[in-house]
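Asks: The numbering of the first sequence is my numbering, which starts it at 16 and goes up by one.
No residue lacks a Cβ here, since even glycine has one placed at the ideal position from N, Cα and C.
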Amino acid sequence: MMQPASEQFRIIADGAAEILPEEELIAKLERSVRERRPLVVKLGCDPSRPDLHLGHAVVLHKLRQFQELGHEAVLIIGDFTATIGDPSGRSHTRPQLSLEETRQNARTYVEQATKVLLPERLQIRFNSEWLETITLRQLITLTAQCTVAQMLEREDFARRYAQGEPIGLHEFLYPLAQALDSVAIRADIELGGTDQRFNLLMGRHIQRFSGQEPQCLVLMPLLEGTDGTEKMSKSAGNYIALTDPPEEMFGKLMSIPDSLIVRYFRLAAFASEEEARQLEEELRRGHCHPRDAKAMVASRIVAFYHGEEAARWAAEEFDRVFKYHQLPSNIPEIVLPSTELPVVELLVQAGLVSSRSEARRHIQQGAVRIDGERIQDWTARIGLERERIVAVGKRRVARIRHG
RNA sequence: GGGCAGGUACCGAAGUGGACAAACGGGGCAGACUGUAAAUCUGCUGGCGGGACGCCUUCGGAGGUUCGAAUCCUCCCCUGCCCA
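1. So, with DSSP's three-state summary, where would you put Ile316?
2. Relative to the C-alpha of Ile349, which residue among Ala32, Gln178 and Arg414 is closest?
3. In terms of DSSP beta bridges, what is Pro93 paired with?
4. Would you mind stating whether Ile221 and Thr241 have Cβ atoms separated by less than 8 Å?
5. Just to confirm my understanding: we take Arg105, look at its own chain, exclude 5 residues before and 5 after, and list those with CB closer than 6 Å. What are they?
6. Here's the rule: buried if 16 or more other CB atoms are within 10 angstroms of the residue's CB, otherwise exposed. What is Gly408?
7. My understanding is that Val56 touches His76, with C-beta atoms under 8 Å, so please give their C-beta distance in whole angstroms.
8. Which residue wins for smallest C-alpha separation from Ser143, given the options Ala97, Ser353 and Val125?
9. Tell me whether His304 sits in a helix, a strand or coil according to DSSP, three-state version.
10. In this structure, what does DSSP give as the bridge partners for Pro190?
11. Is the beta carbon of Phe333 less than 8 Å from the beta carbon of Met269?
12. Note down the Cα distance separating His185 from Ala159, rounded to an integer number of angstroms.
13. Along the chain, where does the alpha helix (DSSP H) that runs through Pro261 open and close?
14. Return the CA-CA distance between His107 and Ser369, expressed in angstroms with no decimal places.
15. On a Cα-Cα basis, can you pick out the residue from Thr394, His417 and Arg410 that is closest to Arg403?
16. According to the neighbour-count rule (16 or more other Cβ atoms, all chains shown, within 10 Å of its Cβ), is Ser103 buried or exposed?
17. Express the C-alpha separation of Met235 and Ser314 in angstroms, rounding to a whole number.
18. With H, G and I counted as helix, E and B as strand and the rest as coil, what does DSSP make of Ile182?
19. According to DSSP, simplified to helix, strand and coil, what is Leu84?
20. Starting from Glu168 and walking both ways along the beta strand (DSSP E), at which residues does that stretch end?
21. Return helix, strand or coil for Ala256, following the three-state DSSP convention.
22. With a Cβ-Cβ cutoff of 8 Å, do Cys161 and Leu191 count as a contact?
23. Taking only the alpha-carbon atoms, compute the straight-line gap between His377 and His302 and give it to the nearest angstrom.
24. How is Lys409 classed by DSSP in three states: helix, strand or coil?
25. Look at Leu257 and Ala72 and say whether their C-beta atoms are less than 8 Å apart.
26. In whole angstroms, give me the CA-to-CA distance for Leu294 and Val74.
27. Between which two residues does the alpha helix (DSSP H) containing Arg25 stretch?
28. Alpha carbon to alpha carbon, how far is Glu323 from Ala310? Give it in angstroms, no decimals.
29. Out of Pro229, Gly266 and Asp273, which has the shortest C-alpha to C-alpha gap to Gly243?
30. Evaluate Gln193 with the Cβ neighbour count: other Cβ atoms within 10 Å of its Cβ, from every protein chain shown; 16 or more gives buried, anything less gives exposed.
31. Going by CA-CA distance only, name the one from Arg175, Ile92 and Ser287 that's closest to Gln80.
32. Using the beta-carbon count (16 or more within 10 Å), is Leu46 buried or exposed?
33. Which residues does DSSP pair with Met235 in a beta bridge?
34. Buried or exposed: where does Lys338 fall if 16 or more other Cβ atoms within 10 Å of its Cβ makes it buried?
35. Quick check on the DSSP output: what are the complete alpha helix (DSSP H) runs of length 4 or more inside the segment 109 to 172, in order along the chain?
36. Might you give, ordered along the chain, the residues of its own chain that have their beta carbon closer than 8 Å to the beta carbon of Gln153, omitting 5 neighbours on each side?
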């Protein structure tokens with residue numbers, strides 16, 4: 016049985032940055048309840064980069080809420096654009112992929128996305144299905160629906176244009192292609208990050224042109240990365256992947272700046288507005304230590320992806336390594352053929368450093384410890400007649416033995 | 001098609017014949033400190049070499065001038081702006 020529209024709206028709006036237009040969404044929800052017809056909720060994804068992170072999870076979680084409300088979630092895999100790639104050659108964000116690669120990536124994507132989504136209530140569509148066969152005639156009719164000035168309104172186009180950075184003509188076509196996805200599945204609602212506003216609005220525009228009722232937009236805030244400034248992205252290297260192992264996920268979460276604790280609680284740990292307000296208040300009054308708050312948020316996020324048990328273990332492990340400066344409990348074992356060799360060689364062969372120069376630098380800076388003892392002399396030779404525990408900094412540790 | 005301005009390391013950006021493996025900033029890594037992989041301070045940040053020095057590779061690409069080129073010349077490729 017469907018929940019009343021007003022209650023549904025409350026859930027949908029919770030945590031959303033923006034809903035456009037609100038009245039239309041309410042009207043759609045009311046009609047949906049009245050006619051017992053679920054709404055089609057669209058989320059597009061780019062299969063050229065199948066590594067999902069906590070930033071993606073913000074939107075995925077919103078889609079999941081729609082699933083729980085009984086609506087129809089449609090995941091659009093943008094395989095068409097992925098197989099075309101980005102011919103400008105300057106952007107590495109859209110490498111050209113073969114059809115098989117795209118399919119493989121899509122599988123990986125769905126696998127990761129269903130850590131958040133309910134797999135049994137998920138429809139998956141590939142947009143090559145309807146984009147592949149478009150004719151030039153159709154394309155021209157479509158492009159006539161939008162002026163250059165309108166295109167240049169998009170924030171990043173405007174910025175790049177103003178700064179004299181190149182904009183490929185094909186880039187203008189991507190928002191239109193995305194809009195056609197909405198037409199193809201007759202989307203009632205499209206989800207995205209706030210950076211997708213322009214593209215999703217284009218969906219409304221083109222749907223109207225195609226004689227359809229325009230979709231509503233539910234825009235989610237963009238989660239900052241672990242550096243605390245830029246939005247989380249793979250290219251910025253400030254991301255926490257959904258597939259990161261528990262201890263790594265926990266560690267990365269502990270490294271976020273204090274100012275982001277509540278935001279992560281809300282967006283990444285999916286805490287309710289009420290919970291978030293409470294935590295904020297406790298932090299403000301000093302009733303809760305920022306470190307403890309962060310550990311709590313981290314545990315909750317790790318638990319969501321890996322379970323309670325793993326979260327507890329990751330928290331303990333973190334204290335062990337960083338609070339009590341002990342060795343991690345899981346140290347990878349590496350077997351080398353030699354019984355004795357220079358430290359520099361040892362570090363390189365064990366894969367703990369990428370070059371001999373780097374090895375020397377680390378040794379000189381006192382970052383290298385063998386069996387807990389700091390090595391300062393880079394000409395030293397190390398015997399492997401027994402197992403050695405070799406550490407480069409706190410995070411690169413290996414058990415090395417001869418074999 | 002013409003004119004002008006550009007292309008430098010992971011990114012941004014100096015450098016216009018030797019002192020340049022290339023300033024500076026960001027990022028990254030490490031050390032100290034700490035509640036943390038936060039903040040702060042310090043160091044490192046092309047590779048190779050038993051090494052405060054030497055060698056090799058690098059400044060859009062290919063040639064050339066020179067004892068010596070990121071820097072000068074020729075051709076080519078790429079980007080932006082203006083004109084057509």
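Replies: Concretely, from the data shown:
1. helix
2. Arg414
3. First, the residue type needs correcting, since residue 93 is Gly and not Pro in the sequence shown. Answer is none; Gly93 lacks a bridge partner.
4. no
5. Legend: pLDDT at Arg105 = 46, less than 50; position of this residue unreliable, value from coordinates given subsequently. Taken in chain order, the list of residues that qualify is empty.
6. exposed
7. Val56 to His76, Cβ: 13 Å. No contact.
8. Ala97
9. coil
10. DSSP output for Pro190 lists no bridge partner at all.
11. yes
12. 15 Å
13. Pro261 to Met269
14. Since pLDDT at His107 reaches only 48, below the 50 mark, its modelled position is unreliable, and the value read off the structure follows with that caveat. One C-alpha to the other measures close to 24 Å.
15. His417
16. Its pLDDT being 49, under 50, Ser103 is placed unreliably by the model, and nothing is read from it.
17. 23 Å
18. coil
19. coil
20. Here Glu168 belongs to no beta strand (DSSP E), and DSSP marks it neither H nor E.
21. strand
22. yes
23. 41 Å
24. coil
25. yes
26. 23 Å
27. Ala20 to Ala28
28. 13 Å
29. Asp273
30. buried
31. Ser287
32. Note that residue 46 corresponds to Arg in the displayed sequence, not to Leu. Classification of Arg46: exposed, given that the 10 Å Cβ count is below 16.
33. Gly208
34. exposed
35. 114 to 128, 143 to 146, 151 to 158 and 163 to 166
36. none
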